[in-house]
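Asks: I'd like to ask you about the structure that follows.
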Amino acid sequence: MEQKEYNVFEATMVKELSCKAIDSCNINPELYGKYQVKRGLRDFDGRGVLVGLTEIGEVHSYIIDEGEKIPVPGRLTYRGIDIVDIVDGFISEKRYGFEETTYLLLFGHLPNAQELENFCAVLDLYQKLPDDFVRGVILKSPGKDVMNMLARSILNLYSYDDNPDDNSIENVLKQCMKLIAWMPSLAVYGYQAYSHIHGNQSLFLHSPKPHLSTAENILHMLRPDSKYTQLEAALLDISLVLHAEHGGGNNSTFVTHVITSTGSDTYSVMAAAIGALKGPKHGGANIKTYYMFEDIKQNVKDWKDDEEIQHYLTKIVNKDAFDRSGLIYGIGHAVYSISDPREVILKEYAGQLAKEKDLEDEFNLYRKVEQYSPAIVCGRNHMYKVISANVDFYSGFVYRMLGLPLELFTPIFAISRMSGWSAHRIEEIVSGSKIIRPAYKSVAPRRDYIPLAQR
């Protein structure tokens with residue numbers, strides 16, 4: 045078969061088989077209600093189905109009053125401490141907070157000065173990737189997606205571990221701490237390789253520096269001149285803290301629990317979590333928000349005209365503009381309703397950086413879209429619940445002000461969330477005892493086998 049003929053045959057068969065696959069997988073939506081199946085592991089009122097217990101993080105968005113669900117301003121706690129207090133604490137002392145937050149998530153309490161110093165010293169020792177890893181793994185076969193490169197790199201690190209399948213807490217903690225320390229290099233070097241090979245850009249490979257914070261090292265390794273302002277590093281550090289943990293029920297953390305429960309190794313677990321986070325419904329959501337705002341900026345001529353902004357947002361919701369999905373990205377959340385505490389914090393500091401970068405007009409456009417979107421979305425979809433902006437609404441704007449390339453938006457999230465995933469993996473090993481295996485009910489009718497000649 046000639047190549048051209050083969051290509052036509054392949055395209056025809058794949059299209060035909062795809063239609064058959066769709067037909068075979070189309071479950072009647074009414075059956076979910078009949079069998080009381082919680083689609084997406086969520087109750088019909090939006091509450092998550094309780095599938096586990098954790099002491100690591102809590103997402104709080106409502107109270108129950110006389111059996112009725114009452115929305116309240118969102119609250120996020122790490123090990124019982126409000127995220128607002130954590131951020132206010134290290135900001136007031138003019139310190140970076142991600143390392144302190146990582147310690148809190150892993151060990152359950154805030155470190156004293158000596159504990160924090162010792163912990164950071166261990167992370168510094170672990171910063172350097174194994175010999176020849178950058179050249180032999182990252183640069184040898186650069187991919188076109190940095191998240192996929194991250195997952196591949198993490199799986200490859202299994203081969204550089206002398207004891208990769210030892211799931212004792214001591215060994216798993218060591219593996220997790222190494223991954224936390226390695227993640228900035230894996231992500232930035234992965235991007236640099238992609239940019240060089242696929243974008244024909246100059247290749248810069250700055251080694252991480254001990255005694256710099258994680259946020260500082262990311263900017264140092266990413267920028268050709270390694271320069272950054274204190275406010276830039278502080279805002280990236282805050283973003284890392286806000287994304288480090290979000291309860292055990294978020295998709296990638298639940299994946300961490302599920303795969304850990306099988307007894308699998310740390311590298312397989314974290315690579316799977318990366319795959320979950322990559323999805324546009326999870327960690328990739330800030331990229332969609334970024335693209336949406338690029339579209340809004342092009343089509344709204346006067347950013348100070350409230351009526352023009354509202355008119356274009358209505359077009360988006362009516363599927364007449366942007367990607368015609370009917371979604372205003374960054375608005376609404378599966379758990380939060382009145383407010384997402386991460387968004388509230390990030391918006392405050394995003395405003396400060398926008399002033400430094402002379403981007404206040406664009407920041408005000410974001411604020412107006414945030415102000416008008418909930419009512420437009422609820423009105424169009426006849427929703428009665430309260431919705432608000434989520435953390436993805438401003439994170440893309442912040443990353444762009446920091447000069448981060450689009451390809452690193454979700455990997456930055458992964459750098460941060462490795463801390464939370466690590467804490468949950470250890471918690472599952474210590475407290476979990478059974479493989480996580482939820483039930484699925486088959487609704488397929490019984491049929492007889494038919495011999496090939498009679499089909």
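Residue numbering for the sequence shown follows this note's numbering, beginning at 45 and increasing consecutively. Ideal Cβ positions, reconstructed from N, Cα and C, are used throughout, including at glycine. From a predicted model like this one, the values you see are computed outputs, not experimental measurements.
(1) Based on Cα-Cα distance, which residue from LEU280, ASP384, LEU371 lies nearest to ILE262?
(2) Identify every residue that forms a DSSP beta bridge with LEU120.
(3) Does the distance from the CB of THR454 to the CB of GLY327 come in under 7 Å?
(4) Report the three-state DSSP secondary structure of ASP67 (helix, strand or coil).
(5) Whole-angstrom Cβ separation of ILE353 and VAL413, contact assumed at under 8 Å?
(6) Between which two residues does the alpha helix (DSSP H) carrying THR454 extend?
(7) Cβ of PHE366 within 7 Å of Cβ of THR258?
(8) Using 8 Å for Cβ pairs, my map puts PRO208 next to ASP309. What's the rounded Cβ distance?
(9) Could you spell out the range, first to last residue, of the alpha helix (DSSP H) harbouring ASP27?
(10) Please state whether the Cβ-Cβ distance between TYR235 and LEU390 is less than 7 Å.
(11) Per DSSP, ILE125 is paired with what?
(12) Can you name the residues that DSSP bridges to ALA433?
(13) By Cβ distance below 7 Å, which residues in the same chain neighbour PHE298 in space, the five residues on each side in sequence not counted?
(14) Hey, out of LYS359, SER296, ALA398, whose CA is closest to PHE457's CA?
(15) How do the segment 162 to 174 and the segment 213 to 223 stand: do at least 3 beta-carbon pairs fall below 8 Å, yes or no?
(16) Going straight from the alpha carbon of THR98 to that of GLU471, what length do you get?
(17) So, at 7 Å on beta carbons, what are the nonlocal neighbours of VAL95 in its own chain, with the 5 sequence-adjacent residues on each side left out?
(18) Taking PRO385 as part of the alpha helix (DSSP H), name the residues at either end of that continuous run.
(19) State the DSSP-derived secondary structure class of ARG179, mapped to helix, strand or coil.
(20) GLY243 by DSSP, collapsed to three states: which one?
(21) What is the C-beta distance between LEU450 and TYR334, in whole angstroms, given that I count them as a contact (C-beta under 8 Å)?
(22) Between the Cα of ASN362 and the Cα atoms of TYR140, ASP176, GLY423, ASN215, which residue gives the shortest distance?
(23) Does the distance from the C-beta atom of ARG123 to that of PRO385 stay below 7 Å?
(24) Using only CA atoms, which one of ASN408, ILE382, CYS63, ASP129 lies nearest to ASN434?
(25) According to the neighbour-count rule (16 or more other Cβ atoms, all chains shown, within 10 Å of its Cβ), is GLU289 buried or exposed?
(26) Please list the terminal residues of the continuous alpha helix (DSSP H) segment that includes GLY187.
(27) Express the C-alpha separation of GLN342 and LEU148 in angstroms, rounding to a whole number.
(28) In the DSSP assignment, the alpha helix (DSSP H) including SER308 goes from what residue to what residue?
(29) Return the CA-CA distance between ILE66 and THR56, expressed in angstroms with no decimal places.
(30) Looking only at its chain, what residues have a beta carbon closer than 6 Å to the beta carbon of SER460, apart from the 5 residues adjacent to it on each side?
(31) Just tell me which of ASP206, LYS348, HIS255, TYR76 has its CA closest to the CA of TYR171.
(32) Just to confirm before moving on: does the CB-CB distance between TRP347 and LEU409 stay below 7 Å?
(33) Under a Cβ-count criterion, where at least 16 other Cβ atoms within 10 Å of its own Cβ denotes burial, should ASP436 be classed as buried or exposed?
(34) From what residue to what residue does the alpha helix (DSSP H) around TYR416 run?
(35) What is the C-beta distance between TYR238 and VAL178, in whole angstroms, given that I count them as a contact (C-beta under 8 Å)?
(36) Have a look at MET445 and LYS401 and give me their C-alpha separation to the nearest angstrom.
Replies: Reading it off the structure:
(1) LEU280
(2) VAL103
(3) yes
(4) helix
(5) 7 Å
(6) 453 to 475
(7) no
(8) 5 Å
(9) Nothing in the structure corresponds to residue 27, since the chain is present only between 45 and 499.
(10) no
(11) TYR122
(12) ILE375
(13) GLY292
(14) SER296
(15) yes
(16) 8 Å
(17) LEU85
(18) 385 to 400
(19) helix
(20) helix
(21) 7 Å
(22) GLY423
(23) no
(24) ILE382
(25) buried
(26) Segment: none, GLY187 is in no alpha helix (DSSP H) and carries neither H nor E.
(27) 43 Å
(28) Here SER308 belongs to no alpha helix (DSSP H), and DSSP marks it neither H nor E.
(29) 16 Å
(30) LEU284, HIS287, ALA288
(31) The identity of residue 171 in the sequence shown is Gln, whereas the question assumes Tyr. Of ASP206, LYS348, HIS255, TYR76, the residue nearest in Cα terms is HIS255.
(32) yes
(33) buried
(34) 404 to 425
(35) About 14 Å separates the two Cβ atoms, so there is no contact after all.
(36) 7 Å
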